[in-house]
Amino acid sequence: MISENDARQVLTDEQSIKAFDDIVYQRILGASKHINMISDMIESIALEGRRNNLSVNSVIEKILTISQYFIETRGSASQAISNAINIMIRNIDEARDLDIEEAAKFIIQKKNDYLNQYQEAVNKVVEYGIKTASSMKTIMVFDYSSTVNKLLQNLKNENGDYTIIIPESRVIDGGYPFVSTCHEAGHKIKFIPDSAIMYFLKDCDGAFFGAETFHPDGTAFNTTGSDMVGLVCKEFNIPLYVLTPMMKLDMRAIYGYEKKLKINNLEDTLTSNWNLVEKSNIDFLCPELIGVESKYITAIITEKGIIPANQLIETSNRFHSSLKGE
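Taking the working numbering, I'd label the letters of the sequence shown as residues -19 to 306.
Next comes the structure, spelled out in structure tokens:
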């Protein structure tokens, strides 16, 4: 295991160090944003090597260190991050035989190729999401997702304004980031506590959330509370859609891998007005991500199409083969 300190030390510029801390301490949310931030760190290391005429091997080892750290940490919660990093550094050893100028170009081009491919996938997901939501007027979105956020930015309704219902999750405060987006897009906004999900969801035309990762059986992992959204949608026959690029696929589940819960201590979040005596001997631990089974999800919307959640296996197999270059 690579320690936080060892990983942080390979970064030298202030922007990369800040980005590292923002990911580690959850000041910025979303797997897609984290992938972009990690790619910037890779570029920064390559540019520093070129600027200071460092050995190519030392630059590559630094990149492998920061990459492995995030695979072991953020990648354990989000397979998208592991998939993305592995693609960005897949052929990095080929740069060892180049001079530092050409090696830096090679490394940066490889990670840019991935980012362009990923952005095209996200754009396609949003396009399909817009088509899905075109006949709706009242929508619930649960917990921040950059893909869902982009959907809200581009959502327009010929029959009038959309009403967007945003529950605030006390686990991670992932509702608030949607507010400014909805304001700018001209949507009507209803901001509610997550305890009111059932009351308001029964009058919605549909619900959307993103996914940190998903399994080929259609199980999608998202912030705790997503399971409540799924349960209520099933109870009231409201369509629930998960917006996610295929890059977030985790195929390990078919080989017996069981995703471990990431547990957060919510003491500071839940007890801002408590005194120290009241806090003593109380357990504030809560999982950050929960799996929502396919039986609660109408469809997974990916760049490959709007796929019923329980019919995802064939698409998953094809995509997994493409990741391996088959």
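Cβ coordinates follow ideal geometry from the N, Cα and C atoms, glycine included. All values derive from a computational prediction rather than experimental measurement.
Inside the segment 190 to 265, DSSP marks whole beta strand (DSSP E) runs of 3 or more residues at positions 200 to 203, 220 to 223 and 243 to 245, from first to last along the chain.
Under the three-state reduction of DSSP output, F122 falls in the coil class, being neither helix nor strand.
Straight-line spacing of the CA atoms in M231 and Q59 works out to 9 Å.
When the Cα atoms are used, L229 and H163 turn out to be separated by approximately 32 Å.
For K42, the enclosing alpha helix (DSSP H) has its first and last residue at V36 to E52. As the crow flies, the alpha-carbon of E82 is around 10 Å from that of I88. Three or more Cβ pairs drawn from the segment 200 to 211 and the segment 267 to 279 lie within less than 8 Å of each other, which places the two stretches in contact. Within its own chain, the residues whose Cβ lies closer than 7 Å to the Cβ of N245, once the five positions on either side in sequence are excluded, are F264 and L265, listed in chain order.
Looking at the DSSP output, G186 bridges to I119. Taking all protein chains in view, the Cβ of Y98 is crowded by 16 or more other Cβ atoms within 10 Å, so the residue is classified as buried. Per DSSP, the continuous beta strand (DSSP E) segment holding G271 begins and ends at L269 to V272. Taking a C-beta distance under 8 Å as the contact criterion, S38 and I65 do not qualify as a contact pair. Spatial neighbours of D79 in its own chain (CB-CB distance under 8 Å, excluding positions within 5 residues in sequence) are listed in chain order as V36. Within its own chain, the residues whose Cβ lies closer than 6 Å to the Cβ of A11, once the five positions on either side in sequence are excluded, are S58, A60, I61 and E192, listed in chain order. In this structure S56 does not touch S24 by the C-beta definition: roughly 24 Å separates them, more than the 8 Å allowed.
Between G155 and E148, the alpha-carbon positions lie close to 5 Å from each other. DSSP places G285 in the uninterrupted beta strand (DSSP E) bounded by G285 to P288. Non-local C-beta neighbours of R(-12) in its own chain, meaning closer than 6 Å and more than five positions away in sequence, comprise F0, ordered along the chain. Rounded to the nearest whole angstrom, the C-alpha separation of E283 and L223 is 9 Å. The residue among G186, K240 and I293 with its C-alpha nearest the C-alpha of D197 is I293. The residue among A176, K130, M178 and D183 with its C-alpha nearest the C-alpha of T143 is D183. The beta carbon of L44 lies closer than 8 Å to those of I69 and I72 in the same chain, with the five residues before and after it left out. A Cβ-Cβ contact shorter than 8 Å links L135 with A113. In the same chain as F50, and ignoring 5 residues on each side of it, the C-beta atoms closer than 7 Å to its own belong to I18, I61 and I65, in chain order.
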